[in-house]
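Chemist:
Numbering (my numbering), first residue to last: 31 to 347.
1. Could you check whether the Cβ of residue 264 sits closer than 9 angstroms to any Cβ belonging to chain C?
2. Considering only DSSP beta bridges, list what residue 214 is partnered with.
3. Look up residue 275 in the DSSP assignment and give the residues it is bridged to.
4. Less than 8 angstroms between the CB atoms is what I'm expecting for residue 332 and residue 318, so what's the real figure, rounded?
5. Between the Cα of residue 22 and the Cα atoms of 310, 125, 284, 36, which residue gives the shortest distance?
6. Applying the criterion that 16 or more other CB atoms from any shown protein chain within 10 Å of the CB defines a buried residue, is residue 193 buried or exposed?
7. Can you look up residue 370 in the DSSP assignment and give me helix, strand or coil?
8. Taking the beta strand (DSSP E) that residue 87 belongs to, which residues open and close that run?
9. Excluding the five sequence neighbours on either side, which residues of its own chain have a C-beta within less than 6 angstroms of the C-beta of residue 51, listed in chain order?
10. Closest by CA to residue 175, which one among 60, 141, 248?
11. Note down the Cα distance separating residue 86 from residue 180, rounded to an integer number of angstroms.
12. Evaluate contact between the segment 223-237 and the segment 196-206, counting only Cβ atoms and requiring at least three cross-stretch pairs below 8 angstroms.
13. Please return the same chain residues whose Cβ sits closer than 7 angstroms to the Cβ of residue 120, not counting the five positions on each side in sequence.
14. Is residue 256 helix, strand or coil by DSSP?
15. Count the other C-beta atoms from every protein chain shown that fall within 10 angstroms of the C-beta of residue 10, then say buried if there are 16 or more, exposed otherwise.
16. Using a threshold of 8 angstroms, is the CB atom of residue 337 nearer than that to any non-hydrogen atom of the ligand ZN?
17. Rounded to whole angstroms, what is the Cα-Cα separation between residue 171 and residue 211?
18. Name the residue from 251, 223, 213 whose alpha carbon lies nearest to the alpha carbon of residue 189.
19. Just checking, does the segment 153-165 make contact with the segment 128-136 on the three C-beta pairs under 8 angstroms criterion?
20. Buried or exposed: residue 115, going by 16 or more other Cβ atoms within 10 Å of its Cβ?
21. Given this structure, state the Cα-to-Cα distance separating residue 334 from residue 106, to the nearest angstrom.
22. Assign residue 282 to one of three DSSP states: helix, strand, or coil.
23. Are the CB atoms of residue 226 and residue 259 within a distance shorter than 9 angstroms?
24. What do you reckon, are the CB atoms on residue 321 and residue 282 nearer than 9 angstroms?
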């Protein structure tokens with residue numbers, strides 16, 4: 031059994047995407063995929079040659095079985111993905127969008143197998159060789175026990191000397207109350223070494239769209255470094271030691287699908303740090319993979335292998 035250097039935790043879902051434009055109620059043919067922010071992150075790291083294990087729960091149903099097969103086929107360790115005999119795997123329907131537009135996405139994730147994740151399942155994790163744990167704010171929106179597990183996983187990572195990154199990945203539609211969302215997400219961010227918010231998320235979580243103010247807020251909570259995503263412009267980076275810099279974005283000729291861009295940014299940033307690169311180099315790689323992600327339809331289809339990444343980055347110099 032291969033040792034995983036990275037762990038991530040979240041809900042993998044079945045995804046069916048409309049093959050034609052138009053209202054979902056009128057579409058007759060769909061294509062099946064696997065989706066989820068942490069799925070995208072795992073796929074991206076694995077394509078760059080990093081070993082990653084997924085911590086989750088799915089139903090013992092066709093979508094759940096397909097997800098386990100998908101993870102294995104993409105070289106993602108699935109030994110910590112429990113199969114639930116009672117509750118079903120979550121799923122999404124996604125409309126086909128015109129180029130550059132965000133597609134309509136319908137979630138079916140209330141009462142899913144993952145929402146019943148047991149924090150005690152974290153006790154089975156083998157921390158040998160684990161260097162990094164990546165958590166997003168999505169699980170915390172799904173149930174109290176998912177929220178507790180997210181926090182406990184971050185605490186366990188700290189206890190075992192693994193670096194922790196946190197992407198707020200806000201999903202307001204999954205929360206009953208905005209104030210509760212802000213409180214919970216900020217409490218989780220306070221457990222992370224590296225926080226990866228967007229400017230819009232910063233405005234929601236602390237009241238400002240100014241990148242440096244956003245960075246200062248999370249550093250004040252305990253982060254060692256904050257990388258604030260500013261869309262096509264790239265990112266603003268600040269460390270607890272006072273280092274600050276802007277990292278430029280990459281030119282994109284045509285935006286096809288923006289879903290997964292933030293996950294691609296996390297892939298680039300964290301993979302570079304795992305390889306011993308500087309934070310400046312990491313943010314630059316993050317922007318590159320985020321750009322590649324938006325040029326292709328689908329949540330993780332645009333995530334590159336190492337050769338494609340290197341070719342794209344050289345072409346932009």
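Quick reminder that beta carbons are idealized off the backbone N, C-alpha and C, glycines included. Remember, predicted model here, so these are calculated numbers, not experimental data.
Modeler: The structure says:
1. In the structure shown, chain C does not exist; there is a single protein chain.
2. BP columns for residue 214 are empty, so no partner.
3. 267
4. At roughly 11 angstroms, the Cβ-Cβ gap does not stay under 8 angstroms, so residue 332 and residue 318 are not in contact.
5. Here the chain covers residues 31 to 347 and nothing more, so residue 22 does not appear.
6. buried
7. Only positions 31 to 347 of the chain appear in this structure, which leaves residue 370 out of reach.
8. 82-89
9. 126
10. 141
11. 11 angstroms
12. yes
13. 41, 43, 138, 139, 142, 144
14. strand
15. No answer is possible for residue 10: the residues shown for the chain start at 31 and end at 347.
16. As for the ligand ZN, it is missing from this structure, which has no ligand bound.
17. 8 angstroms
18. 223
19. no
20. exposed
21. 16 angstroms
22. coil
23. yes
24. yes
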